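Reviewing the structure listed below.
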Amino acid sequence: MKLLIIEDEKDLSDSICLYLGSEQFSCETAYDYHSALDKILINEYACIILDLTLPHGSGLDILTQLKLLNKTEGVLIISAKNSLDDRIKGLNSGADDYLTKPFHLSELGARVAAIVRRKSFEGKTHIVVGPLILDLSERILRSGDEQITLTRKEYELLLYLLSNKNKVVTKEAIVEHLWGDDIDMADSYDFIYSHIKNLRKKLMASGCPDYIKAVYGMGYKFSLNNSIS
393 MKLLIIEDEK DLSDSICLYL GSEQFSCETA YDYHSALDKI LINEYACIIL
443 DLTLPHGSGL DILTQLKLLN KTEGVLIISA KNSLDDRIKG LNSGADDYLT
493 KPFHLSELGA RVAAIVRRKS FEGKTHIVVG PLILDLSERI LRSGDEQITL
543 TRKEYELLLY LLSNKNKVVT KEAIVEHLWG DDIDMADSYD FIYSHIKNLR
593 KKLMASGCPD YIKAVYGMGY KFSLNNSIS
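Residues in the sequence shown are numbered from 393 upward in steps of one, following my numbering.
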């Protein structure tokens with residue numbers, strides 16, 4: 393799932409992206425207030441990691457803009473400001489969590505994952521769909537006792553479709569969410585068709601119904617007769 397890292401210290405931003413990338417997240421970066429706001433205006437993210445002190449603006453102003461835009465992204469503040477007043481102000485301004493610098497990347501990853509679970513899956517660590525069990529903590533998909541091996545992009549695609557269950561997601565949204573700044577959308581969507589085809593094949597081979605439906609001229613929908621439990 394896609395994250396936005398708003399942090400002006402490039403070395404720290406790179407370290408966060410590298411670690412969270414290894415945790416199956418796709419990361420985009422912004423190093424100042426204006427570039428961050430530009431990205432927020434046109435994209436959606438599973439979570440935003442936000443430094444409070446930014447060139448040309450404040451992280452608290454970013455939180456204000458998120459409210460004005462009715463954006464629902466989870467927000468984790470990372471800041472060297474560690475007073476109780478600073479933490480309370482950040483949380484009262486709309487952040488979901490507050491982490492004081494310096495921090496361990498493993499703790500950052502755990503807090504991001506918790507925010508994503510709360511926002512997208514009501515805090516659940518296991519998503520059950522028919523015979524499928526998706527373990528969000530271990531990032532493992534099982535059908536009964538059998539583990540279904542997914543590539544990283546197949547896992548991210550399944551998670552994105554599940555977080556938008558029974559909703560049509562466009563090909564453009566899939567590209568933007570899973571690849572973000574790292575993909576050129578102008579040429580072809582063949583790689584999406586390939587990922588969808590392979591994921592459907594693996595799910596159906598495990599005994600699942602064909603949950604992933606193509607919606608002509610629009611995109612795809614993970615269609616469920618019953619809600620996720």
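Here a beta-carbon is modelled for each residue, glycine too, at the ideal position from N, C-alpha and C. Treat the numbers as computed from the prediction; the structure is a model and nothing was measured.
query: If you run the structure through DSSP and keep just helix, strand and coil, what is Gly-413?
result: Helix.
query: So, are the CB atoms of His-496 and Lys-545 less than 8 Å apart?
result: no
message: My assumption, with CB atoms under 8 Å, is that Gly-501 sits in contact with Leu-412. Please give the rounded CB distance.
response: 6 Å
query: Would a C-beta distance cut-off of 8 Å place Ile-381 and Glu-399 closer than the cut-off?
result: The requested residue 381 is not part of the displayed model; the chain covers only 393 to 621.
- prompt: Beta carbon of Ser-405, beta carbon of Trp-571: below 8 Å?
  reply: no
Cβ neighbours of Thr-464 in the same chain (closer than 8 Å, five flanking residues each side left out): Lys-511
message: Looking at the secondary structure, which residues open and close the alpha helix (DSSP H) in which Tyr-547 lies?
response: 544-555
- prompt: Is Ser-609 helix, strand or coil when you go by DSSP?
  reply: Here the sequence assigns Gly to residue 609, which means Ser is not the residue at that position. If DSSP states are grouped into helix, strand and coil, Gly-609 belongs with coil.
query: Can you tell me where the beta strand (DSSP E) with Ala-422 in it begins and where it stops?
result: 418-422
message: So Leu-551 and Ile-604 are supposed to be a Cβ contact under 8 Å. How far apart are they, rounded?
response: Incorrect: roughly 13 Å between the Cβ atoms, too far for contact.
message: Using only CA atoms, which one of Ile-454, Asp-488, Ser-498, Lys-431 lies nearest to Leu-410?
response: Ser-498
- prompt: Would you say Leu-468 and Asp-489 are within 8 Å of each other, going by their C-beta atoms?
  reply: In this structure, Asp-489 lies closer than 8 Å to Leu-468 by Cβ.
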